[in-house]
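Chains as they are written, first to last, in this note's numbering: chain A, 6 to 119; chain B, 880 to 994.
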């Protein structure tokens with residue numbers, strides 16, 4: 006079965022460091038979502054793209070977070086500088102056209118900021 | 880903003896028992912999805928519902944799209960130990976500005992099955 010691939014699976018770093026998380030969407034899916042999961046807030050949508058163009062990033066702290074899709078096979082989520090409160094599991098999901106079809110999740114990047 | 884209230888938050892059940900959980904909202908949704916998440920993994924799609932009143936099954940799982948379009952239900956029959964996990968509902972909303980869809984997720988129901 007085709008899967009969304011996320012790297013790294015785990016990341017531990019000190020506060021202030023830059024963190025880059027990568028996502029390879031399912032081939033042919035043109036909608037990509039970034040979520041953050043914490044115990045307190047559950048699954049929060051950070052940003053999403055269609056055909057590599059950002060459509061909505063209102064859920065993302067703009068001062069330190071940025072999301073891009075350099076090409077159709079790679080989406081990135083960057084945090085600079087990172088803070089302890091950014092510790093969470095970050096999920097990428099991709100969906101086919103039309104965009105109201107269900108999205109499929111990767112296995113996440115577990116991020117710990119010390 | 881739109882919120883999904885999912886209940887129960889957690890439940891312990893005996894193997895073989897049936898399980899019911901639901902999601903409710905004050906907003907209307909056009910699509911409902913149900914996902915299951917195992918520890919250390921991403922959510923996996925179980926069932927998608929596209930029409931009010933729709934009842935859809937996937938093995939021992941049955942989900943329904945509420946007739947008011949403000950709620951959805953998931954039932955698991957004859958639970959087994961591998962049903963353990965967190966179950967999420969998600970409702971689809973339409974962004975008229977961008978012309979795109981996104982999903983709002985419930986807070987999850989944590990299921991534990993006692994053998």
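Backbone N, C-alpha and C fix where the C-beta goes; we use that ideal spot for every residue, glycine too.
TODO: Could you spell out the range, first to last residue, of the beta strand (DSSP E) harbouring residue 900 of chain B?
DONE: One-based indexing of the second chain puts residue 900 of chain B at position 21. Start and end: 898-903.
TODO: State the DSSP-derived secondary structure class of residue 75 of chain A, mapped to helix, strand or coil.
DONE: In the first chain, the residue the question calls residue 75 of chain A occupies position 70. Note: residue 75 of chain A maps to strand in three-state DSSP.
Open item on the list: How far does the beta strand (DSSP E) with residue 936 of chain B in it extend, from its first residue to its last?
Closed with: Translated into the one-based positions of the second chain, residue 936 of chain B becomes position 57. Unbroken beta strand (DSSP E) run through residue 936 of chain B: 934-937.
- [ ] Check whether the Cβ of residue 30 of chain A lies closer than 8 Å to any Cβ atom in chain B.
- [x] As a working note, residue 30 of chain A is residue 25 in the first chain. So no, residue 30 of chain A is outside the interface.
Open item on the list: Restricting to Cα atoms, I'd like to know which of B:903, B:898 and B:993 is closest to residue 947 of chain B.
Closed with: Position 68 of the second chain, counted from the first residue, corresponds to residue 947 of chain B. Looking at the Cα atoms, B:903 is the closest of the given residues.
Task: residue 74 of chain A classed as buried or exposed, judged by whether at least 16 other C-beta atoms fall within 10 angstroms - done: Against the first chain, residue 74 of chain A aligns to sequence position 69. Under this definition residue 74 of chain A is a buried residue.
Task: CA nearest to the CA of residue 994 of chain B, picked from B:906, B:952, B:895 and B:985 - done: For the purposes of this step, residue 994 of chain B is taken as residue 115 along the second chain, with counting starting at 1. Residue B:895 is the option with its Cα nearest to residue 994 of chain B.
Open item on the list: Looking only at its chain, what residues have a beta carbon closer than 8 Å to the beta carbon of residue 888 of chain B, apart from the 5 residues adjacent to it on each side?
Closed with: The residue labelled residue 888 of chain B in the question sits at position 9 within the second chain. Excluding positions up to five away in sequence, the list reads 986, 987, 988 and 989.
- [ ] Give a yes or no on whether the C-beta atoms belonging to residue 72 of chain A and residue 48 of chain A are separated by under 8 Å.
- [x] Residue mapping note: residue 72 of chain A aligns to position 67 of the first chain, counting from 1. Residue mapping note: residue 48 of chain A aligns to position 43 of the first chain, counting from 1. The answer is no: Cβ separation not under 8 Å.
Open item on the list: Check for me: the beta strand (DSSP E) holding residue 47 of chain A runs from which residue to which?
Closed with: Here residue 47 of chain A corresponds to residue number 42 of the first chain, with the count starting at 1. Per DSSP, residue 47 of chain A belongs to the beta strand (DSSP E) from 47-55.
- [ ] Can you give me the start and stop residues for the beta strand (DSSP E) that residue 38 of chain A sits inside?
- [x] The sequence position of residue 38 of chain A within the first chain is 33, counting from 1. Start and end: 36-43.
Open item on the list: Given this structure, state the Cα-to-Cα distance separating residue 22 of chain A from residue 83 of chain A, to the nearest angstrom.
Closed with: Mapped onto the first chain, residue 22 of chain A falls at position 17. Mapped onto the first chain, residue 83 of chain A falls at position 78. Whole-angstrom Cα-Cα distance: 11 Å.
Open item on the list: Counting beta carbon pairs with one atom in the stretch 61-69 of chain A and one in the stretch 106-115 of chain A, are three or more of them shorter than 8 Å?
Closed with: no
Task: Interface residues of the stretch 31-46 of chain A facing chain B [CB-CB below 7 Å] - done: none
Task: Contact set between residue 974 of chain B and chain A, taken where Cβ atoms lie within less than 8 Å - done: As a first step, residue 974 of chain B is located in the second chain; it is residue number 95 there, counting from the start. Ordered by position in chain A, the residues that pass the 8 Å Cβ test against residue 974 of chain B are 60 and 61.
Open item on the list: With three or more C-beta pairs closer than 8 Å as the rule, is the stretch 963-980 of chain B touching the stretch 909-916 of chain B?
Closed with: yes
TODO: Look up residue 970 of chain B in the DSSP assignment and give the residues it is bridged to.
DONE: Against the second chain, residue 970 of chain B aligns to sequence position 91. Under DSSP, the beta-bridge partners assigned to residue 970 of chain B are B:911 and B:983.
- [ ] Please classify residue 119 of chain A: is it buried, with 16 or more other beta-carbons within 10 angstroms of its beta-carbon, or exposed?
- [x] Reading the first chain from its first residue, position 114 is the one you call residue 119 of chain A. By the 10 Å Cβ count, residue 119 of chain A comes out exposed.
Task: Residue(s) in a DSSP beta bridge with residue 964 of chain B - done: Against the second chain, residue 964 of chain B aligns to sequence position 85. Partner(s): B:990.
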